[in-house]
Structures are given as C-alpha cells and as structure tokens.
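Enquirer:
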Amino acid sequence: MDGQSDSAQGENRGDWGPFGRPLFDDPKARRLARVGVVDIGSNSVRLVVFDGAARSPAYFYNEKVMCGLGAGLTETGHLNVQGKERCLSAMARFKALAIGMGLPPLTAVATAAMRDASDGPAFRAQIERETGIKIWVIDGEEEARLSAQGVLLGWPGASGMVCDIGGSSMELAELSGGQVGKRHTSPLGPLRFKDLDGGRKARERHVHKHIAALAEKMQWNGERIYLVGGSWRAIARLDMERRAYPLHVQHEYRMTCEDVLETLKFIEKADLEALRSTCSISSARMSLVPYAAEVLAELISAFKPKDIAISSYGIREGLLYEQMPQRLRDRDPLIEACRFSEAKDARRPGFGKTLYNFVLPLFQDATPMRLRLVKAACLLHDVSWRDHPDYRAQTCFHNVTQAELSGLNHPERVFLGLALLHRYKNKRDGLDFEPLFALISAEDQRRAEILGKAMRFGAMLWMPHDDERAAAALEWDADSGRLLLKLTQDSAPLFGEVAEARFNALGRAFGAQELSTKIGAL
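Letter 205 of the sequence shown, counting from 1, is numbered 1197 in our numbering, and no numbers are missing.
So, in structure tokens, the structure goes:
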C-alpha cells in the first residue's frame, strides 16, 4: 500500500519516509490523467471522466441516465424499448461530450441486460454504428473481477468479499491481500425478480435458492463484505437517516449486521416517498430498494460478515485500475492525492515533507496508519491559503470530510479534518459541524489538535533554502516532559513573538512540562 515494493525507487526511500516518492508526475502515470469510461448497466447508463493524480483520480465529469434497459427482461427476453431509446440518446451525448473534452476513445462495457437479451447483440451493433463507441459485453465473472478491482482502487490490500448488485444481476468476488480470487454471478438484480409470479413468497424462495448456491460456491469465512452498487448505496443512505449519522459520505461508510437488519425493518415500515425526498434518492432507485433489501437480508443470514462497508468504487473504477501499471497500483491513494493537491495548490510545494519531519517527534508511538494521516495533513496544510482567513479552518475541515478521497474511513476523515482545522484555528467550540467530532474518541481529538498546532507553529519556520536542510527541529523527552526546539543561526530570527506564542500553545496541547529552545547546528 505504501509503494515500498517499488525497487526502482529504493535509492530515494529514505528521503520520503515510509511513503516513497510521488508517482503522479511520472509520464506512465500521467497518461491516465484524464480517462473516460462508460458503464451500460441494466438500470442505468453512466459516463465517468477521471482526472487528477492517477492513483487517486478526481471525478472530472460524472453523468448518469436511468434507462432501465433490463426492465421486463425476464418476461420478454428483450431489452426494454424505451430503455433502448434513452440509452442510444445517452451514448450519442457521451460521445459528443468526449470529443468536447478532448478525451482519448471512451472505454465502454455492458453488463447483464445486454449480454442476456436476445436483441442485445443487435443493439450493441447499433450503438457502435451510430456513435463509433466500441462496447465490450462482459460476462458475470468479468463483471465481478472489474468491480473488485474498483474496490482495490480505494482499498489497496483489501481482504473480504465484494458484492456488486445491478439491475439484472448480482456478482460476488473474493479479495485476499489485494488480489481477486473466486468470482460468481447470480440473477439477483431487482429488475429481474421484482415481478415474479407469486409475490413476496416467490421472491423469498428465489433469493434464498440463489444465495444458498453462492454461499456453497464461495465457502466464505465471515470477513468484511464490500457493497457496490446504487441500490446498496441507497440503503446505506437510509441507514444514515435512521441513525441520524452526521456525515453523509457514502464511501467507506461502515455498518454492523445488526445496524443493517434494523434499517431493513425501518425501510419496510417507512413511508418510502417521504424517505426518498428526505434522502435525495431518485424515484427509479427507490422503487428497487425494497427488493434489494430482501437480497441483503438473506445475504447477511447466509454469509454472516464481521462488518459491512460501502464502496462508491466499482466497475468504472475497476476499468481505470485495469490500465494502471503495478507500481502505481501499489501506492497509497490518499498520499498520492494529497501530494497532487500540494503540488497544484500550495504556496511552496515540497514543504509538506519538511513539515512532516518536523512534527514527527511528537508521534513517536504512532502506528503506520496514523503516520499516514500525519503525512497527509502536512501535505495539505497550505492548500487552502487562498481562502478568506476567517473561513480557512472551516474550509479545510469541510474539504477533507466531504472530498472524493479514497483510502480514508470516516473516523480518519474527521481526524484529518480536525488536524487541518487546528492548523488555522486554536479553538473548535461552537462550529456547525461539531457533531462530527463524536465520530472519533476524545484522545484522537486531542492528538488531532496537537498535530494541527504543531503544523500551525512549524509553518512559521519557513526558510527559502534549496538544499532541503531543516531550519528547525523538535525533540521530545518523555521522561522529563521537556519539549525542545532547535533552531539554526539562520532560522533563529523566525522565532519571533507570534511563533513563540504558537510554540507555547503546542506545548500546552501536548502536555509538556518544560519548553526550551537551542540555537546552533542541527
């Protein structure tokens, strides 16, 4: 995950700590800087254009049309007529958008509806003839593999089971140590079985039969399940509403099995139209939620996962991951994204590394996962400098907690956001996002404040040298409770009245018993 397996960078590793050198400016990575992919599903057709740091791309453009190609497929064996018209119109628009954006040829895949319908091949040929977009119709196992690779884009080294539900099918894929293992598909998409003769009892038998078959094939050991697909995300949003959860970011939202089962009961009893409006879920999506809920209940009963995580990344991100060289896949997506942001927006790109080394003595007992958050914070410490001073702290917090970042769960988002808030602001009382602080422990809130105040102080020791020698260093003696600041002769004048006040604030937050300074060679 940290990219240290990249032997080509071995000679530089010590320079950058445990995170390796950035790869986003490597020509082989930059060729992926703007890529358009199209996913022709049974329910929706979507264009996504990725842009930015290749390992952790931003969504430059994202458009979805709810076509319903698979509606009625079980009864007729054909694609939905109105769905075909809407899909063809959407594909023509996507082709025009791609030309306007100067994109390379779009990568387009079609899944269950197109591969199962008797008129699927003819419709594929029509789209290719009228738009020039080549379409790859993939089988269920390939769909499962690509969805699992999308999860790996956000969770390098992930282990567990990916469950991707679409309109006409549901795929499972095993992940172990960042590799895709067994893969299986099933006809459990809500569009396919919601109108089964016999109503709910018939659906229950249908779902039970196919889930039991999947459980037998997968032989699962109860690890985490990563849920991929719009119907799962809608259920997660409803879980947030039921729990009054304060952060409405879907990616890496975690639920226990008990939480999910309570939410499924909540959905069954609720006024779905009122919930749909409150949670901003489309009518087309909400109409499928009760059927997806029946599948999820049976899935939990059969597989008994230790917990459930929502992935906003799936087949489209998997197509991007497919194009990445292994050395890029191995990188930490959070760190790469933060480096890209620093290079693009900071006043002094590269100072984040110096700041990280400066604050590191305060985190001697930190785990590798905590150190990556410290590194991320240092890289992002100055990217909001253009914002009005009265709002920088709030902007930093909002940007991190609500950004399209991967490799970052919700408590980590809050820790990172709180650290950046304290980079610009000493106090955090009375802010409108205060409920989010409860997502991390009181001790983690304190550690985030320490990191923020260390960055707030360290950012003042800004020396314009080219050889990257440190202008200052911190030393912490835990036995005596002494925090020592070392300065060079050249940097000593930087330790003025405001800098001293910030050093004192850091000492109080850290709990130091003694603060001292020393001027000389470092």
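The beta-carbon is built from N, C-alpha and C at its ideal position, and this holds for glycine as well. These figures come from a predicted structure and were not determined experimentally.
When we look at the beta-carbon of R1175 and count the other beta-carbons within 10 Å, is it buried (16 or more) or exposed?
Expert: The residue in question, R1175, is buried, as its Cβ has 16 or more Cβ neighbours within 10 Å.
Enquirer: How big is the Cα-Cα spacing for E959 and G1222?
Expert: With the chain running from 993 to 1514 in the structure shown, residue 959 is simply not present.
Enquirer: Among L1311, K1201 and H1402, which has the Cα closest to the Cα of A1102?
Expert: It is L1311.
Enquirer: Looking at R1137 and A1165, is the spacing between their C-beta atoms short of 8 Å?
Expert: Contact flag set, yes.
Enquirer: Alpha helix (DSSP H) containing N1072: first to last residue?
Expert: No alpha helix (DSSP H) contains N1072, which DSSP labels as neither H nor E.
Enquirer: So, using beta-carbon positions, are N1035 and G1069 closer together than 8 Å?
Expert: For N1035 and G1069, no; Cβs fall outside 8 Å.
Enquirer: Could you give the distance in angstroms between the alpha-carbon of E1134 and the alpha-carbon of G1190?
Expert: Whole-angstrom Cα-Cα distance: 32 Å.
Enquirer: Check F1389 in the structure and name its three-state DSSP category.
Expert: In the structure shown, F1389 sits in a helix (DSSP, three-state: H, G or I).
Enquirer: How big is the Cα-Cα spacing for S1274 and G1152?
Expert: For S1274 and G1152, the distance between alpha carbons rounds to 30 Å.
Enquirer: Buried or exposed: where does A1205 fall if 16 or more other Cβ atoms within 10 Å of its Cβ makes it buried?
Expert: Looking at its Cβ environment, which holds fewer than 16 other Cβ atoms inside 10 Å, A1205 is exposed.
Enquirer: With the cut-off set at 8 Å, would you say I1127 and K1087 are in Cβ contact?
Expert: No, they are not a contact pair.
Enquirer: Distance check for A1369 and G1033, CA to CA, integer angstroms please.
Expert: Distance between the alpha carbons of G1033 and A1369: 38 Å.
Enquirer: I'd like to know if L1431 contacts chain C, where contact means its C-beta is closer than 8 Å to some C-beta of that chain.
Expert: The chain labelled as chain C is not found in the depicted structure, where only one protein chain is given.
Enquirer: Below 8 Å on the Cβ atoms is my guess for G1146 versus S1333; work out the distance and round it to an integer in Å.
Expert: With 8 Å as the limit, G1146 and S1333 do not qualify as a contact, their Cβ atoms being about 17 Å apart.
Enquirer: Where DSSP assigns a beta bridge to L1219, which residues make up the other side?
Expert: According to DSSP, L1219 bridges with C1155 and I1302.
Enquirer: What does Q1171 pair with, by DSSP beta-bridge criteria?
Expert: BP columns for Q1171 point to S1168.
Enquirer: Would you kindly report the start and end of the unbroken alpha helix (DSSP H) that includes Y1283?
Expert: Looking at the DSSP string, the run of the alpha helix (DSSP H) that includes Y1283 is V1281 to F1295.
Enquirer: Can you give the Cα-Cα distance for Y1218 and R1438, rounded to whole angstroms?
Expert: Distance between the alpha carbons of Y1218 and R1438 is about 31 Å.
Enquirer: Which of helix, strand or coil does DSSP assign to F1258?
Expert: Note: F1258 maps to helix in three-state DSSP.
Enquirer: In angstroms, rounded to a whole number, what distance separates the CA positions of R1323 and P1317?
Expert: Cα to Cα, R1323 sits roughly 11 Å from P1317.
Enquirer: Three-state secondary structure (DSSP) at V1406?
Expert: In the structure shown, V1406 sits in a helix (DSSP, three-state: H, G or I).
Enquirer: How many Å lie between V1220 and A1228 at the Cα?
Expert: Using only the alpha carbons, I get a separation of about 11 Å.
Enquirer: Buried or exposed, going by whether 16 or more other CB atoms sit within 10 Å of the CB of H1240?
Expert: Answer is exposed; the Cβ neighbour count stays below 16.
Enquirer: Could you tell me whether the region 1367 to 1386 touches the region 1278 to 1286, using the rule of 3 or more Cβ pairs below 8 Å?
Expert: The answer is no - the region 1278 to 1286 does not touch the region 1367 to 1386, with fewer than three Cβ pairs under 8 Å.
Enquirer: Could you tell me which uninterrupted beta strand (DSSP E) segments, each at least 3 residues in length, are contained entirely in the region 1414 to 1478, listed from first to last along the chain?
Expert: The qualifying runs are 1464 to 1469.
Enquirer: In or out: Y1383 buried (at least 16 other Cβ within 10 Å) or exposed?
Expert: Y1383 is exposed by the Cβ-count criterion.
Enquirer: Under the rule that 16 or more other beta-carbon atoms within 10 Å means buried, what is N1072, buried or exposed?
Expert: Its Cβ being crowded by 16 or more others within 10 Å, N1072 is buried.
Enquirer: What are the start and end residues of the alpha helix (DSSP H) that includes G1265?
Expert: Residue identity check: residue 1265 is Glu in the sequence provided, not Gly. E1265 -> alpha helix (DSSP H) spans L1264 to C1271.
Enquirer: If you follow the beta strand (DSSP E) that I1127 is in, where does it begin and where does it stop?
Expert: Taken as a continuous stretch (DSSP letters only), the beta strand (DSSP E) holding I1127 covers I1127 to V1129.
Enquirer: Any idea what DSSP makes of L1397, helix, strand or coil?
Expert: Correct three-state label for L1397: coil.
Enquirer: Among residues of its own chain, excluding the 5 on either side of V1351, which ones have a beta-carbon nearer than 8 Å to its beta-carbon?
Expert: Here the set comprises V1366, C1370, L1443, A1446, M1447, G1450 and L1466.
Enquirer: Does DSSP put V1351 in a helix, in a strand, or in coil?
Expert: If DSSP states are grouped into helix, strand and coil, V1351 belongs with the helices.
Enquirer: Starting from the C-beta of R1026, find all residues in its chain whose C-beta is less than 6 Å away, skip the five residues before and the five after it, and write them out in chain order.
Expert: The answer, listed in chain order, is D1043.
Enquirer: List the DSSP bridge partners of I1203.
Expert: Its beta-bridge partners do not exist; DSSP assigns none.
Enquirer: Could you spell out the range, first to last residue, of the beta strand (DSSP E) harbouring V1101?
Expert: That run of the beta strand (DSSP E) goes T1099 to A1102.
Enquirer: Between the Cα of L1144 and the Cα atoms of L1039, I1307, R1234 and T1393, which residue gives the shortest distance?
Expert: The shortest C-alpha separation from L1144 is found at I1307.
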